[in-house]
Structure formats: C-alpha cells, structure tokens
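Each protein sequence line maps, in turn, to chains U and C.
In terms of our numbering, the first sequence opens at residue 1 and continues consecutively.
In terms of our numbering, the second sequence opens at residue 279 and continues consecutively.
Where a beta carbon is used, it is the ideal one built from N, C-alpha and C, also for glycine.
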Amino acid sequence: MGKLISIELFKIFSKPRTYIGFGAIIVIVLAIEFGILFEGDMMVGMIMQNIRERFIFEGNVINQYLVAYIILNTLWIHVPILVALVTGDLLAGEANSGTFRLILTRPVSRVQLVLAKFIAGWIYSVLLVVVMALLSIGLGLILFGPGDLVVITNKVNIFSSGDVLWRFAGAYAYGILSMTTVAALSFLLSALADNSIGPIIGTIALIIGITIISTIGVSLLGPVNRFLFTSYLPSWQLFFHTDDGLAKLGHAILIQGIYIIGFLGFTIWYFHKKDILS
Amino acid sequence: MTPYIEIHNLTKVYGQIRAVDDLSMKVMPGDIYGFLGPNGSGKSTTIRMMLSLIHPTAGQILLFGHDLAKDRYKTLSRLGALIEKPDFYNYLTARKNLEILGKLSGISNLKFRVDEVLEQVGLLSRATSKVQTFSLGMKQRLGIAQSLLHHPDLIILDEPTNGLDPQGQKEIRDLVKSLNQEHHITILISSHILFEIEQIANRMVIINRGKALVEGHVQELINSQDRQVAFVIADVPAGLAALNETTWAGRIIKSNHERISFKINKEEIPELNAFLVEHQIEIFAIEPVRSLEEFFLEITDHGEVN
Numbered sequence: 001m002g003k004l005i006s007i008e009l010f011k012i013f014s015k016p017r018t019y020i021g022f023g024a025i026i027v028i029v030l031a032i033e034f035g036i037l038f039e040g041d042m043m044v045g046m047i048m049q050n051i052r053e054r055f056i057f058e059g060n061v062i063n064q065y066l067v068a069y070i071i072l073n074t075l076w077i078h079v080p081i082l083v084a085l086v087t088g089d090l091l092a093g094e095a096n097s098g099t100f101r102l103i104l105t106r107p108v109s110r111v112q113l114v115l116a117k118f119i120a121g122w123i124y125s126v127l128l129v130v131v132m133a134l135l136s137i138g139l140g141l142i143l144f145g146p147g148d149l150v151v152i153t154n155k156v157n158i159f160s161s162g163d164v165l166w167r168f169a170g171a172y173a174y175g176i177l178s179m180t181t182v183a184a185l186s187f188l189l190s191a192l193a194d195n196s197i198g199p200i201i202g203t204i205a206l207i208i209g210i211t212i213i214s215t216i217g218v219s220l221l222g223p224v225n226r227f228l229f230t231s232y233l234p235s236w237q238l239f240f241h242t243d244d245g246l247a248k249l250g251h252a253i254l255i256q257g258i259y260i261i262g263f264l265g266f267t268i269w270y271f272h273k274k275d276i277l278s
Numbered sequence: 279m280t281p282y283i284e285i286h287n288l289t290k291v292y293g294q295i296r297a298v299d300d301l302s303m304k305v306m307p308g309d310i311y312g313f314l315g316p317n318g319s320g321k322s323t324t325i326r327m328m329l330s331l332i333h334p335t336a337g338q339i340l341l342f343g344h345d346l347a348k349d350r351y352k353t354l355s356r357l358g359a360l361i362e363k364p365d366f367y368n369y370l371t372a373r374k375n376l377e378i379l380g381k382l383s384g385i386s387n388l389k390f391r392v393d394e395v396l397e398q399v400g401l402l403s404r405a406t407s408k409v410q411t412f413s414l415g416m417k418q419r420l421g422i423a424q425s426l427l428h429h430p431d432l433i434i435l436d437e438p439t440n441g442l443d444p445q446g447q448k449e450i451r452d453l454v455k456s457l458n459q460e461h462h463i464t465i466l467i468s469s470h471i472l473f474e475i476e477q478i479a480n481r482m483v484i485i486n487r488g489k490a491l492v493e494g495h496v497q498e499l500i501n502s503q504d505r506q507v508a509f510v511i512a513d514v515p516a517g518l519a520a521l522n523e524t525t526w527a528g529r530i531i532k533s534n535h536e537r538i539s540f541k542i543n544k545e546e547i548p549e550l551n552a553f554l555v556e557h558q559i560e561i562f563a564i565e566p567v568r569s570l571e572e573f574f575l576e577i578t579d580h581g582e583v584n
C-alpha cells in the first residue's frame, strides 16, 4: 500500500496542474496580506466605525491573527476548486489517458489502488491547507506582528493572543476535514467520468449549487439542510465563537465524516465492478 | 501440458449486444497465437476479459491453469500485455514510466531491468526523453518493453501494428518473433489483417461477432483450403457467356463485375487463359486466391459470414 501511495504522490507532483493550486494559494495570501498592509487601516476603520464609538481599542488591531482569520475565510471559497483540480483528475485522468490498461493489468488490487489514489489526493489537500496556514500566519507575523484577535460575528469576540493559536490549529484541522469531504466528492465524480473536466466542474457546481439552495431556500429544504455537507464547510468559524460553538462542532464533524465514508465507499464499490473500456 | 490460456464459453453482453458469444479457445506454451477478426468482432473485449479489465457475463478464463477470477494476482504476475494503442504518462520519461510499472509488478533491481528492456526494444538512447516526444512506433516499442519488464511467460498484444508504417509493422513482427524464439515467450497477438498473422503465428483463431469460426495451425488452415484462381477480365458477361458453353462453367465458383473465380489446378491455368484469349476476352490479371483469405475477406467486407 505504501508503494502505491508513493507512486500516486509521484504522479501528482509530476503534473504541472498540481502547482497551480500552490501558486494560487501563494498569490491569494500575498494579495490579501499586502492589500491589508496598504489599505488595512481604511478597511478595518470602516468595519469598526460603530464599535470604536462604544469601545476603546489599544494596541495593534490589524495583526497576524486578524489577517490569518480573514484569509481563512477564503478557504471554503477557493481551496475546494484547487482540491478538485487534482482529486477530480485522479481516476478520470487515468481513464482519459488510457493508462488504466497499464496499471490494472499488473498484480494490483483495484481497492488498494483506489485507496492509494485517495490518500495521495488527501495528502495534496492537506499540504494546500498547511501551506496556506504557514504562509498566512508566518507572513502576517513579519508584516503585522502579533496581537489580540477581534472577531465580529453577531457579537464582538475578543481573544487574547495566548488564546488564539489553538483556535487557528483547530480551524485549519477542521478545514482539512472539509477539504477531505470535497476531495471525496470530486474523487467519486472522477470514478464516474472518463475525463477530468466533468469531475472538477461537477464538484464546484454541486458545492455552489447546494450552498445556494440551502442558504436561500432554507424553508424549501427544511430539516434536510441540517444534513447537507455544504452546511458545514464554513464550520471552522465555530472555533472563534465564545458561546456554544465547540459543542456544535461534534455534529459538524460527524456529518462530514459520514459523507467522506459514503463518497469513498461508493467510489470503491463502483470502481471495483467497473469495466475498463477506455 | 497445461495451456497458458484456456477459455471456456466466454460471453460478454452489453445490453442487447453480445460482444463475445460463447467463445472457447486454447493457447499452448510456445505458441505465437493469432487472434484474427475484423474490427468490432470482439477481439479487444475478449483480451480485456483475459486481463481482468472487463468482467465477463459468463464463462471461465484459465491462465496458466489458474482461474483468473480466483487467482488474479498469481496469473497477472506471469503475464504482460499491450492493449490497443500504447498509452503512457506522457509528462514522464520513458524510464520513469517503466519504473512506475516495474514497481507495481514488484520487480527487484529495477533500474537494471528497465535499461535491459529499453535496449531490447531499441529505446535505451531515448530513456530520458518524455514520452510525449515519441512517435507512435516508439510508443509501440515502449509498450512492448513494459510488457516484458517482469519476465512474463505470456504476452498478449492487441493489434500492436495498428497505425504503424510498413517498416514499423515489420519491426514489431520481427520483435515478436524474436521474443518467442529467443526468449521462449508465448504470445497471443490480435489483428484484423490475415497477412500479418500468417507472417508470425503458428496457430490462430478467426472470430466474428464474438464467435470462434476457425481455429487451428496456420499452415494447416491455409493449405487445407481449396486452391482458387481469379481471372480479372475486361468483360465479365462476355466471358461468362463463352464459358457457359464449355466444361469450364462447372469450375466457376463465383464472379463479380471484374473477375471470375475458378477452382482449378495450376496446370489448367494456361489452357483456360488460351480459351479466353481465343474468345477475345481481354485478361488484365490472373490471381491466386486462397479460400481462407476469401473467407476472411467476406467477413471483413460484409461484417458477417454468409
């Protein structure tokens, strides 16, 4: 199994498209960090205008943690696209290029191959989030320095700098879980398709489509909304709530876990019985 | 001796279509076995079932005496294959492609073995070139190299000369022969060209619409068929009119707009030629026709046997 995973990782990191993801992350983080560096006071000033009338702020409001928090908000918008770009190609790319004929005529188990590909795709997804985390917090420290984190939701949450790092670690770990669900979905679509365009676009279309339906038409979906994985993609924000945020995380993790197992289980079952005609 | 490939009543159904229909055949150790049939006759589907790429609807496949459905690992580790066009990871070099496939086959001393097979197919000098820079002929040879990596006892080649120029086709045929004769590898080679199979195979089967029509030793099949001669003439109706008044009429097998085919021995050819010339029938050519070839052409022309 280790051999299969290393082969799949080698293939992933030999493809130019893999580096589009890392390049995009770097560009997004740099754009946001330097944007805030030059325009941050004005932006934060507008956001906090009302609050400043009621509270006195001392110290550095725009600090590495605030910037990292802002960047985290792009996680569930941009990173799913970058994850699908690679995981949607894992099976469909082999079908499209005809290389399943090479691999599957060797003494390799189809189940092990699917698992190895998924694990390799997952490692890529984890690396994307880790690069994003290190770059946003690390560069933020250099450009803005440390400080307490002010998060405005339906109320103002202020976290001291000593209480923030574990929350970021939790948020990124949850982000990895969310991206695993996205990876499992695009991997499933990849098993169904013979080219990678369909799974990549399909994944994004499903995530956006379901999110729109569940956001706009809450009454339409009713209780089903509670069980849609898209409802829980932004649940990393719960790490920055002071009330019952952490209690809700258990449910979010459970739902994501069920979807991951369901998507992956279906992919294994489908691929095991699939005729390789490409 | 245990056959390397033994297929019993193999069937594959897609909806209403029977791609392979109750097919049975045997490939013995040492054979170059020709698997001949027109395009769409079920060759590739059969081969994909032999390699566990496609699940059969019914029937049994034994490779090296083991049931493929039960002993997939054991059988595939002794078998190499090149299925239709040679597809590789184009963004990787020839060597990297082979190393990946070698690792999957569990080959020890991989680097040495990769160089060895690349040399065997004449691609060692291009080992570090990306496959996307290869011509079809080079890819085809690389395809054969990957099938040889793990020292297989049996290689299955599905139309390995497809798309190659005559020189490339000859190179592949020579390579196949040398693998069989010098390295004692049993080979199953599929083709839709009778000439190709005649050139290299010792045994063969002809299939159409998923059914086996003829199976046996190539030379026996060719020699056992009756000799035929076709006269290509300018005016077939006039020729037939002249012939119908003689005993030659009974020797006519068939005719079309440009030729009349006879079942005659070679000593009779000058006599028939003189007869037609006497009746002022212009003769363009006299062609030997083997009924096996006719039989196969009939399949490929009409898609079915009359």
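- Residue burial is scored here from C-beta neighbours: Trp-166 of chain U has fewer than 16 other C-beta atoms within 10 angstroms and is therefore classed as exposed.
- Assigned with DSSP and collapsed to three states, Gln-338 of chain C falls in strand.
- Relative to Gly-170 of chain U, the option among U:Phe-118, U:Ala-95, U:His-241 whose CA is nearest is U:His-241.
- In this structure Asn-440 of chain C does not touch Val-409 of chain C by the C-beta definition: roughly 18 Å separates them, more than the 8 Å allowed.
- Of all residues in the stretch 10–24 of chain U, those with a C-beta nearer than 7 Å to a C-beta of chain C are Lys-11, Ser-14, Lys-15, reading in chain order.
- Approximately 5 Å separates the beta-carbon atoms of Ala-191 of chain U and Leu-91 of chain U; this is inside 8 Å, confirming the contact.
- Bridge pairing for Val-150 of chain U: U:Ile-158 [DSSP].
- In the DSSP assignment, Ile-433 of chain C is bridged to C:Gly-358, C:Ile-465.
- Neighbours of Gln-424 of chain C across chain U, judged by C-beta separation under 9 Å: Leu-102.
- A straight-line Cα-Cα distance of about 38 Å links Ser-186 of chain U and Pro-146 of chain U.
- With fewer than 16 other Cβ atoms inside 10 Å of its own Cβ, Ile-152 of chain U counts as exposed.
- Counted as a single uninterrupted DSSP element, the alpha helix (DSSP H) harbouring Phe-13 of chain U occupies residues 2–14.
- Distance from the CA of Ala-24 of chain U to the CA of Ser-136 of chain U, rounded to the nearest whole angstrom, comes to 13 Å.
- Excluding five sequence positions before and after Ala-490 of chain C, the CB atoms of its chain that fall closer than 8 Å to its own CB belong to Leu-301, Ser-302, Met-303, Val-483, Ile-484, given in chain order.
- Judged by DSSP secondary structure, Gly-170 of chain U falls within the alpha helix (DSSP H) whose first and last residues are 165–192.
- Around the C-beta of Phe-390 of chain C, fewer than 16 other C-beta atoms lie within 10 Å, and the residue is accordingly described as exposed.
- According to the DSSP assignment, Glu-493 of chain C belongs to no alpha helix (DSSP H) but to the beta strand (DSSP E) extending over 489–495.
- Sixteen is the threshold: since fewer than 16 other Cβ atoms of the shown chains lie within 10 Å of the Cβ of Lys-532 of chain C, the residue is exposed.
- Between Thr-87 of chain U and Ala-183 of chain U, the C-beta spacing is below 9 Å.
- Within the model, the alpha-carbon separation for Ser-383 of chain C versus Phe-271 of chain U is close to 21 Å.
- At least 9 Å separates the CB of Leu-402 of chain C from every CB of chain U.
- Residues of the stretch 90–118 of chain U with a C-beta less than 7 Å from any C-beta of chain C: Ser-97, Gly-98, Thr-99, Arg-101, Leu-102, Ile-103, Leu-104, Thr-105, Arg-106, Pro-107, Val-108, listed in chain order.
- Residues of chain U whose Cβ lies closer than 8 Å to the Cβ of Tyr-367 of chain C are, in chain order, Lys-11, Ser-14, Ser-97, Thr-99.
- Membership of Ile-119 of chain U in the alpha helix (DSSP H) is indicated by the continuous run 110–144.
- Here DSSP, grouped into helix, strand and coil, assigns Val-514 of chain C to helix.
- Apart from sequence neighbours up to five positions away, the residues of its chain that approach Leu-427 of chain C with a beta-carbon distance below 8 Å are Gly-358, Leu-376, Leu-379, Gly-380, Ser-383, Ile-385, Arg-391, Val-392, Val-395, ordered along the chain.
- DSSP places Glu-546 of chain C in the helix class (H, G or I) of the three-state scheme.
- DSSP places Thr-18 of chain U within a helical segment (H, G or I) once states are collapsed to three.
- Put simply, the CB of Asp-275 of chain U is near chain C, with a gap under 9 Å to one of its CB atoms.
- Contact note: Ile-7 of chain U reaches chain C through Ile-378, Lys-381, Leu-382, using a C-beta cutoff of 8 Å and chain order.
- Rounded to whole angstroms, the Cβ separation of Ile-207 of chain U and Thr-230 of chain U is 6 Å, and the two are in contact under 8 Å.
- Scanning C:Glu-560, C:Ala-563, C:Ile-325 for the CA closest to the CA of Leu-360 of chain C turns up C:Ile-325.
- Distance from the CA of Leu-499 of chain C to the CA of Arg-404 of chain C, rounded to the nearest whole angstrom, comes to 42 Å.
- In the structure shown, Glu-33 of chain U adopts helical secondary structure according to DSSP, grouped into three states.
- Secondary structure of Pro-566 of chain C (DSSP, three-state): strand.
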